[in-house]
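Notes to accompany the following structure.
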Amino acid sequence: MCDQVSDAILDACLEQDPESKVACETACCTKTNMFMVFGEITTKAKVNYEKIVHDTCREIGFVGLDADNYKVFVYIEEQSSDISQGVHGYLSKRLEEIGASDQDHMFGYAAKSVVAYGLPRHCIVHVAYAIGVPEPLSVFVDTYETGKIPNKDILVLIQDNFDFRPGMIAINLDIKRGRYHKTTTYRHFSRDDLDFTWETVKVLNVDVIK
């Protein structure tokens with residue numbers, strides 16, 4: 005329930021302002037009909053957080069939940085200016101210069117695409133970042149000994165085909181478009197919904213490992 009409300013708020017912000025920065029947390033107590041929305045949100049969007057809570061809870065249809073009379077407490081602050089400067093440069097940076105914060109989707113996208121090519125049967129991709137630094141500090145690949153080629157070659161393939169800079173991830177996966185509410189049920193990955201751009205296997209340039 006909390007995840008659905010949080011992502012409904014995220015979608016509402018992105019719908020009006022694709023540059024929204026949303027780190028929204030929620031907590032609920034169904035016994036006392038209380039819901040709390042808190043965290044850091046920086047956006048130009050005009051969002052009625054209380055209405056989103058009521059609408060989402062009503063849509064969920066939780067048994068015993070009085071969605072219309074839920075007490076909603078909102079404690080939202082703007083994103084830390086230090087983080088904003090380091091990551092976004094107060095929006096003065098070019099997209100390829102934007103620093104790291106959270107890049108979860110890209111790891112799965114890269115691993116899924118490599119496995120789809122049949123090079124390994126299983127693959128995990130680890131990417132390490134420093135906040136505010138666009139380029140990853142390291143990229144690690146493990147195929148659990150299922151690779152048809154050495155891990156070092158798969159690493160070269162991934163580094164050549166995937167741009168792990170956060171600003172470029174935002175472009176390539178179209179992640180500034182709100183559609184995250186529907187990921188809160190049945191997760192982000194292993195979905196057939198083509199609206200989830202990270203589920204589309206990327207055409208890889210394999211010449212780099214020949």
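When we follow our numbering, the leftmost residue of the sequence shown carries the number 5, and every step to the right adds one.
Even glycine gets a Cβ: it sits at the ideal position worked out from N, Cα and C.
Secondary structure of residue i, DSSP reduced to three states
i, result
"lysine 25", "strand"
"phenylalanine 111", "helix"
"histidine 126", "coil"
"valine 131", "strand"
"tyrosine 94", "Confidence at tyrosine 94 is low in this model, with a pLDDT of 46, below 50, so its placement is unreliable and the value that follows should be read with caution. Helix, per DSSP."
"lysine 48", "coil"
"valine 145", "strand"
"glycine 182", "coil"
"arginine 169", "coil"
"asparagine 209", "coil"
"threonine 60", "helix"
"valine 137", "coil"
Spatial distance of residue i from residue j (CA atoms)
i, j, result
"valine 51", "isoleucine 80", "12 Å"
"tyrosine 184", "arginine 62", "18 Å"
"phenylalanine 166", "phenylalanine 111", "10 Å"
"isoleucine 179", "threonine 150", "31 Å"
"tyrosine 53", "aspartate 59", "10 Å"
"threonine 147", "lysine 55", "46 Å"
"valine 131", "leucine 18", "26 Å"
"histidine 126", "aspartate 72", "47 Å"
"phenylalanine 200", "alanine 174", "13 Å"
"threonine 204", "valine 57", "32 Å"
"asparagine 155", "isoleucine 135", "27 Å"
"valine 210", "aspartate 196", "26 Å"
Closest by C-alpha distance to residue i, when choosing among the options
i, options, result
"valine 129", "Val119, Val137, Pro138, Gly136", "Val119"
"cysteine 33", "Leu14, Phe77, Lys186", "Phe77"
"lysine 152", "Glu63, Pro124, Phe200", "Pro124"
"cysteine 28", "Thr60, Gln83, Glu149, Val137", "Gln83"
"tyrosine 74", "Lys35, Ile45, Val210", "Lys35"
"arginine 169", "Glu139, Ile175, Ile13", "Glu139"
"glycine 68", "Asn37, Leu18, Gln8, Asp59", "Asn37"
"valine 212", "Ser85, Phe166, Leu161, Gly112", "Leu161"
"tyrosine 121", "Ala132, Cys17, Lys206, Leu18", "Lys206"
"threonine 189", "Ile135, Gly171, Ile158, Ile64", "Ile64"
Those residues which DSSP pairs with residue i across a bridge
i, result
"lysine 75", "Met38"
"alanine 31", "Met40"
"isoleucine 80", "Gly43"
Distance between beta carbons of residue j and residue i, contact taken as under 8 Å
i, j, result
"serine 117", "leucine 208", "6 Å"
"serine 24", "threonine 47", "4 Å"
"valine 137", "glutamine 163", "About 16 Å separates the two Cβ atoms, so there is no contact after all."
"alanine 49", "aspartate 21", "4 Å"
"phenylalanine 296", "methionine 5", "Because the chain in this structure spans residues 5 to 214, residue 296 falls outside the shown range and cannot be described."
"tryptophan 202", "tyrosine 133", "With a Cβ gap of about 18 Å, tryptophan 202 and tyrosine 133 do not count as contacting."
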